[in-house]
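Chains as they are written, first to last, in our numbering: chain A, 18 to 385; chain B, 4 to 291; chain C, 127 to 444.
Glycine included, C-beta positions come from ideal geometry on N, C-alpha and C.
See structure below.
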Amino acid sequence: MSALSVEKLRVRFGSVEVLKSVDLAIESGEFIVLVGPSGCGKSTLLNVIAGLEQATEGRIEIGGREVTGVPPKDRDIAMVFQTYALYPAMTVRGNITFGMECRGVPKAEQKEAVARVAKLLQIEHLLDRRPGQLSGGQRQRVAMGRALVRDPVLFLFDEPLSNLDAKLRVEMRMEIKRLHQRIGTTMVYVTHDQVEAMTLATRIAVMNGGVIQQFADPQTIYDQPANLFVARFMGSPPMNAIPARLAASGSEIAAMVGPDAATAVPLPNATAAMKDWVGREVVLGIRPECITLPDGEQPGKPAASLPATVEMIEPTGAETMALIRVGQSEIMARMRPDARPAVGSVASFALDTAKACLFDPKTESRIA
Amino acid sequence: MVEARSLSARGGRILLYAILIAFAAFYLTPLIVVILNSFRSFQEITQTSVLGFPKEFRLDNWVQAWGSYCIAGICSGISPYMWNSLLIAVPATLISTLLGAMNGYLLSLWRFRGAGLIFGIITFGVFLPAQMKLVPWAITLRDLGLSNTLAGLVLIHVVQGMSFTTLFCRNYYVNVPQDLIKAAKVDGAGFLQIFWRIILPLSPPILIVTVIWQFTGIWNEFLYGITFSEGSARPVTAALMALSANIAQAREYGIESASVLIAALPTLLVYLFGGKYFVRGLTAGAVK
Amino acid sequence: MTQTATTMQAGQTRPARTAPRRSWLSDIPDLLTRIVAGLIAAAAVSYVVGFTLWTVVISFTDSTLLPEYSFVGFKHYFTLLRSRVWQVAYFNLTIYGLGFILGATGLGLLLAILIDQKIRAENLLRTIYLYPMALSFVVTGTVWAWLLNPTIGVEHFVRSLGWAQFNFGWLVDRDMAIYCVVIAAIWQASGFAMALFLAGLRSLDADLYKAAAIDGASPARMYLRIMVPAIWPIVVSVLVILLQTAIKTYDLVRALTAGGPGIATTLPTNVVYDYMFQRGLMGAGSAAAVMLLLSLLIVLLPYALFQRLRRGKGGGHG
Chain A
18 MSALSVEKLR VRFGSVEVLK SVDLAIESGE FIVLVGPSGC GKSTLLNVIA GLEQATEGRI
78 EIGGREVTGV PPKDRDIAMV FQTYALYPAM TVRGNITFGM ECRGVPKAEQ KEAVARVAKL
138 LQIEHLLDRR PGQLSGGQRQ RVAMGRALVR DPVLFLFDEP LSNLDAKLRV EMRMEIKRLH
198 QRIGTTMVYV THDQVEAMTL ATRIAVMNGG VIQQFADPQT IYDQPANLFV ARFMGSPPMN
258 AIPARLAASG SEIAAMVGPD AATAVPLPNA TAAMKDWVGR EVVLGIRPEC ITLPDGEQPG
318 KPAASLPATV EMIEPTGAET MALIRVGQSE IMARMRPDAR PAVGSVASFA LDTAKACLFD
378 PKTESRIA
Chain B
4 MVEARSLSAR GGRILLYAIL IAFAAFYLTP LIVVILNSFR SFQEITQTSV LGFPKEFRLD
64 NWVQAWGSYC IAGICSGISP YMWNSLLIAV PATLISTLLG AMNGYLLSLW RFRGAGLIFG
124 IITFGVFLPA QMKLVPWAIT LRDLGLSNTL AGLVLIHVVQ GMSFTTLFCR NYYVNVPQDL
184 IKAAKVDGAG FLQIFWRIIL PLSPPILIVT VIWQFTGIWN EFLYGITFSE GSARPVTAAL
244 MALSANIAQA REYGIESASV LIAALPTLLV YLFGGKYFVR GLTAGAVK
Chain C
127 MTQTATTMQA GQTRPARTAP RRSWLSDIPD LLTRIVAGLI AAAAVSYVVG FTLWTVVISF
187 TDSTLLPEYS FVGFKHYFTL LRSRVWQVAY FNLTIYGLGF ILGATGLGLL LAILIDQKIR
247 AENLLRTIYL YPMALSFVVT GTVWAWLLNP TIGVEHFVRS LGWAQFNFGW LVDRDMAIYC
307 VVIAAIWQAS GFAMALFLAG LRSLDADLYK AAAIDGASPA RMYLRIMVPA IWPIVVSVLV
367 ILLQTAIKTY DLVRALTAGG PGIATTLPTN VVYDYMFQRG LMGAGSAAAV MLLLSLLIVL
427 LPYALFQRLR RGKGGGHG
């Protein structure tokens, strides 16, 4: 059954349209990540789902029930905030029980619920402290505890990890994922961090300009981005977007790149739609890891060869990134950790074009 | 370098302290003069000047000032006026602080259209000269039957005080994260419940500042007091003024000094024991 | 409502949705509390707006002891502007305002800088400099009236020490009495300026001091060129607050000089009160009050604009 369905949702603040007709249907048990740059409307969408902001138009159902006009407390949701929003004057226990207190849950039941959640999150020893005495990670746990104790139909997370340092962020990310696997409740999670989106989500909604650009599972988002925005936003470093002209020789199609469009990049998986673009300008999208320095150990791969000037290399230990230039285009390539092409030299890079995408330069949509 | 400069540096330090102490003397002189005079006899002061050390420490100035000296024909000393001021300042302080906290909470954490404008208008009340409000107050108090009553002055100070208290509290609450309110809404708390359970427990710092500020301001207020009370209903500032306007008899500087000290004592004590909050109030009221 | 999502482990039950016991707070309907809060805010707004408009309306009427609503236009305003007492009062306000504001600001800045020199007994000195702010203007005025009174105060005291020719009779001198008001007002308010300046200096980055020291700036140059410009928004705030204090000064004059000798220390506020409650000229008094308000607005509006501009430049923060 559907845990959350959003239909034709619009939010307007004065003359500013923050959400432009958003549709979203989420099955029970899914982990949905709303991702996008700041100002894309993802937090507004979450707040509207929670009932903390009002939609101008549209319809929201939570657990199959229409919730327009229903106050947040009656929507059967729980929410974890970016700043955690722990009540400073209450103990951890008080923070967790406040919602139940507001709903008039009997004391004995409250106690039981706190014990259960505290055990789950391993915060039993913190129950009598105040938020000010907790570390960032502990606050995060308490905030999750406060949400968990409601046992809602829907969990909402508003950038819950963005106030943590890098190491803790990775830890808590894994913990949230583990939590979802254990309790299986539907989650909607807002972040601007594409790595969080990729690692946590069962499906990702990439947002920009108040519109959902693409709503799909992480692998599809990564391999077949709906448009150049998604291609550039997801993945670090982002997908390379290289201006090209499409050419055909027989049944083969190739993207011509570089100065005078002299270098042919064959596209073995060309679709019928791509063939319509032969002879026209396109944008070739190719992930950095598909551009490598050949070491002679990749026989049989349909590798195209791309001569390029090495402008800069960035060794990270696990791999070495190279910024290379082909004509006017700067391209990121991801190489073996020990690859050290000389800066300024021209090297011949190997292209794995199996997952290459083509985009319409005008609409920026992917040519499928 | 430290060696070479030490001589001139030491001279500089001495000069620095000399200036600081000279100004301390400037600020303290009036207080010391009043304290000393409160122990000096009538003859002693009139034969010399108000600057002088008491020949003997006599307490009868204090006794008379408190209980029997005649102020504008009422011979009961300053004590009844102290009570008046207390009965005005305490309820007015508490009520205006509570209402200001409520206003501040409404205007900062429940952002709605026009909240900024409403806050601007209320804040303007801080700057509005009291003279602009005297005539309307006179008419209002008369219509409510509160002319020349303590309740009338309490009402004035509550309403007038709301401008200050709203300013203080709103500027404090504006830094409370909005997420806190959202979390409480999701938890099912209502408007009053969020205020009472979540916001008020956060507020002691600003409430102390506001209470101190309001108490000091109301205790020291004179214009409303002199305009809307007479006779035995006066607050202590108005009584002090009447005391020094006694032209019928010779000036009893000793008794007046004791009266001035008694009248100033409550706010001086508040200042000495809540100095940190007093200063914070000055800064909060000024810089925002 | 059913819940099909897999729930938490360990055989838990969902919390009851019906409320057997609630605190007294949740018994008050939420809407009612919002309405009450709205009414309180509305009362505060209508007080400021309503009373202001009320006085403005009365200033256009011939009201005397009781308000009456027969309009006479700007009659009172013209009469006031032409009256000698009003002109003198504004002249006095100018002298007093300039002396008081410059004096209190200058002294406050000096004391703040001196206290900022890592001195001993800082708390004690600060407490001493600031305590007059806890007093009422009535107390300040009363005590300074004694000190400045030639027959009983400083003049008499110094003469009794042997300087028989010593003269300090400003309080009874038409030309100098206004400076007595200035002295008493500076005594009362300079500590306030000091406290704000000191808070400003303390809020500056300590690295600023280090950088200036490395640049070899002398202490005087450091303060004049770096620190004071760095806290100039506070300086402006202090100036504006003192200016509005000056315009509103009333009790101090009444306690210190009662406006005299003659009308040598009468300020516009005293005139307002005199019209309203001594002479029973409510209409004329209200016109004077409105003009007082206009004087205040001339000060406050540019300041408010300046503040808005400054915040705007700050990139939307604050």
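- Task: Please go through the stretch 240-287 of chain B and give each complete alpha helix (DSSP H) segment of 4 or more residues, from N-terminal end onward.
- Result: Here the runs fully enclosed are 256-276.
- Query: With distances taken from CA atoms, which of F281(B), F198(B), S206(B) and Y227(B) is nearest D156(C)?
  - Reply: Within the third sequence, the letter at position 30 stands for residue 156(C). For D156(C), the closest C-alpha among the options F281(B), F198(B), S206(B) and Y227(B) is that of F198(B).
- Identity of the residue in I424(C), A271(C) and I254(C) nearest S247(B) by Cα: Within the second sequence, numbered from 1, the residue matching residue 247(B) stands at position 244. Nearest neighbour of S247(B) by Cα position, chosen from I424(C), A271(C) and I254(C), turns out to be A271(C).
- Query: Could you give the distance in angstroms between the alpha-carbon of M85(B) and the alpha-carbon of Y227(B)?
  - Reply: Along the second sequence, read from residue 1 onward, the residue named residue 85(B) stands at position 82. Along the second sequence, read from residue 1 onward, the residue named residue 227(B) stands at position 224. Take the alpha-carbon of M85(B) and the one of Y227(B): they are about 16 Å apart.
- Determine the closest residue to F174(A) out of A130(A), L62(A) and P332(A), with distance taken between C-alpha atoms. Translated into positions along the first sequence, residue 174(A) becomes position 157. Among A130(A), L62(A) and P332(A), the Cα nearest to that of F174(A) belongs to L62(A).
- Message: Can you confirm whether R147(C), when its beta carbon is compared against all beta carbons of chain B, has any partner nearer than 7 Å?
- Response: Here residue 147(C) is taken as the residue at index 21 of the third sequence, counted from 1. Because R147(C) carries a pLDDT of 47, less than 50, the predicted location of this residue cannot be relied on, and the following value inherits that uncertainty. Taking Cβ atoms only, chain B never reaches closer than 7 Å to R147(C), which makes this a no.
- S99(B): which of Q134(B), W69(B), H160(B) and L243(B) sits nearest, CA to CA? Taking the second sequence and counting its residues from 1, one reaches residue 99(B) at position 96. That would be H160(B), whose Cα lies nearest to the Cα of S99(B).
- Item | A20(A) at chain B interface by Cβ criterion, 7 Å | In the first sequence, the residue the question calls residue 20(A) occupies position 3. For A20(A), the answer is no, since every Cβ of chain B falls outside 7 Å of its Cβ.
- Message: Quick check on V189(B) - is its C-beta less than 7 Å from some C-beta in chain A?
- Response: Taking the first residue of the second sequence as 1, we reach residue 189(B) at position 186. Yes, V189(B) counts as interfacial toward chain A.
- Query: For V284(C) versus L382(C), is the C-beta spacing smaller than 7 Å?
  - Reply: Locating residue 284(C) in the third sequence gives position 158, where the first residue counts as 1. Locating residue 382(C) in the third sequence gives position 256, where the first residue counts as 1. No; because the gap between Cβ atoms is not below 7 Å, this pair is not in contact.
- Note the first and the last residue of the continuous beta strand (DSSP E) segment covering R29(A). As a working note, residue 29(A) is residue 12 in the first sequence. Where R29(A) is concerned, the enclosing beta strand (DSSP E) stretches over S19 to F30.
- Task: Grab the span of the alpha helix (DSSP H) containing S82(B) for me, first residue to last.
- Result: Taking the first residue of the second sequence as position 1, residue 82(B) is located at position 79. Annotation for S82(B): the continuous alpha helix (DSSP H) segment containing it runs S82 to L112.
- Query: Expressed to the nearest angstrom, what Euclidean distance is found between the alpha-carbon atoms of V170(A) and A20(A)?
  - Reply: Here the question's residue 170(A) lines up with position 153 in the first sequence. Here the question's residue 20(A) lines up with position 3 in the first sequence. One C-alpha to the other measures close to 7 Å.
- Task: Could you tell me if A373(A) is buried or exposed, where buried requires 16 or more neighbouring beta carbons within 10 angstroms of its beta carbon?
- Result: Within the first sequence, the letter at position 356 stands for residue 373(A). By the Cβ-count criterion, A373(A) is buried, with 16 or more other Cβ atoms from all chains shown falling within 10 Å of its own Cβ.
- Message: Considering only the alpha carbon of each residue, which of I389(C), H202(C), M417(C) and E248(C) lies closest to R300(C)?
- Response: For this step, residue 300(C) is matched to residue 174 along the third sequence. For the options I389(C), H202(C), M417(C) and E248(C), the alpha carbon positioned closest to that of R300(C) is the one of I389(C).
- Query: When the Cα atoms are used, what is the spatial distance from I341(A) to R262(A)?
  - Reply: On the first sequence, residue 341(A) is found 324 positions in, with the first residue counted as 1. On the first sequence, residue 262(A) is found 245 positions in, with the first residue counted as 1. Approximately 20 Å between the Cα atoms of the pair.
- Query: In chain B, which residues lie with their C-beta within 8 Å of the C-beta of A321(C)?
  - Reply: Position 195 of the third sequence, counting from 1, holds the residue named residue 321(C). What A321(C) touches in chain B: V282, L285 and T286.
- Between E34(A) and T187(C), what straight-line distance do the alpha-carbon atoms span, to the nearest angstrom? Your numbering for residue 34(A) matches position 17 in the first sequence. Your numbering for residue 187(C) matches position 61 in the third sequence. Whole-angstrom Cα-Cα distance: 51 Å.
- Task: Flag L301(A) as yes if its beta-carbon sits less than 7 Å from any beta-carbon of chain B, otherwise no.
- Result: Working through the first sequence from its first residue, we reach residue 301(A) at position 284. False, the Cβ-Cβ gap to chain B never drops below 7 Å.
- Task: Report yes or no: is there a C-beta of chain A within less than 7 Å of the C-beta of A118(B)?
- Result: Here residue 118(B) corresponds to residue number 115 of the second sequence, with the count starting at 1. So no, A118(B) is outside the interface.
- Comparing alpha-carbon positions, which option in F42(B), S41(B), F115(B) and L102(B) lies nearest Q71(A)? Along the first sequence, read from residue 1 onward, the residue named residue 71(A) stands at position 54. Per the Cα distances, F115(B).
- Assign E74(A) to one of two classes, buried (16 or more other C-beta atoms within 10 Å of its C-beta) or exposed (fewer than that). Position 57 of the first sequence, counting from 1, holds the residue named residue 74(A). E74(A) counts as exposed, since fewer than 16 other beta carbons sit within 10 angstroms of its beta carbon.
- Helix, strand or coil at R147(C) according to DSSP, with G and I counted as helix: To locate residue 147(C), count along the third sequence from 1; it is residue 21. With a pLDDT of 47 at R147(C), under the threshold of 50, the modelled position of this residue cannot be trusted; read the value that follows with caution. The answer is coil: DSSP assigns R147(C) none of H, G, I, E or B.
- Message: Using C-beta distances below 7 Å, list every residue in its chain close to A242(B), excluding the 5 sequence neighbours before and after it, in chain order.
- Response: The sequence position of residue 242(B) within the second sequence is 239, counting from 1. So the list reads I74, I81 and Y84, once near-sequence residues are dropped.
- For L210(B), decide whether its Cβ has a neighbour in chain C, counting only Cβ atoms nearer than 7 Å. Sequence index remark: in the second sequence, residue 210(B) carries index 207 (1-based). No - not a single Cβ of chain C is within 7 Å of the one on L210(B).
- Is the beta carbon of T337(A) sitting closer than 7 Å to the one on A356(A)? Sequence index remark: in the first sequence, residue 337(A) carries index 320 (1-based). Sequence index remark: in the first sequence, residue 356(A) carries index 339 (1-based). The beta carbons of T337(A) and A356(A) sit closer together than 7 Å.
- Query: What residues in the stretch 102-116 of chain A have a beta carbon less than 7 Å from any beta carbon of chain B?
  - Reply: Cβ contacts with chain B: A102, Y104, P105, A106, F115 and G116.
- With 16 as the cutoff for other CB atoms within 10 Å, does Q127(A) come out buried or exposed? On the first sequence, position 110 is the one that residue 127(A) refers to. It counts as buried.
- Item | Contacts around G31(A), its chain only, beta-carbon distance under 8 Å, and the 5 residues preceding and following it disregarded | Along the first sequence, read from residue 1 onward, the residue named residue 31(A) stands at position 14. A distance below 8 Å between beta-carbons, with the five flanking residues on each side excluded, links G31(A) to no residue of its chain.
- Task: Within the same chain, show all residues whose beta-carbon is closer than 7 Å to that of Y305(C), passing over the 5 residues directly before and after it, in chain order.
- Result: In the third sequence, counting from the first residue as 1, residue 305(C) sits at position 179. So the qualifying residues of the chain are G225 and W296.
- Distance CB(F106(A))-CB(L205(B)) smaller than 7 Å: Sequence index remark: in the first sequence, residue 106(A) carries index 89 (1-based). Sequence index remark: in the second sequence, residue 205(B) carries index 202 (1-based). A quick correction: the sequence has Ala, not Phe, at residue 106(A). In contact: A106(A) and L205(B) (Cβ atoms closer than 7 Å).
- Message: For chain B, check one thing: does any of its Cβ atoms lie closer than 7 Å to the Cβ of M161(A)?
- Response: Counted from its first residue, the first sequence places residue 161(A) at position 144. No, M161(A) does not count as interfacial toward chain B.
- Which parts of the stretch 66-137 of chain A are runs of the alpha helix (DSSP H), unbroken and 4 residues or longer, counting only runs that do not cross its ends? When DSSP assignments are scanned along the stretch 66-137 of chain A, the uninterrupted stretches of alpha helix (DSSP H) that are 4 or more residues long and fall wholly within it turn out to be 109-120.
- Please confirm whether A414(C) and V364(C) have their CB atoms less than 7 Å apart. The count along the third sequence starts at 1 and reaches residue 414(C) at position 288. The count along the third sequence starts at 1 and reaches residue 364(C) at position 238. Cβ distance not < 7 Å, so A414(C) and V364(C) don't count as in contact.
- With DSSP run on the structure shown, which of helix, strand or coil describes T203(A)? Translated into positions along the first sequence, residue 203(A) becomes position 186. Strand.
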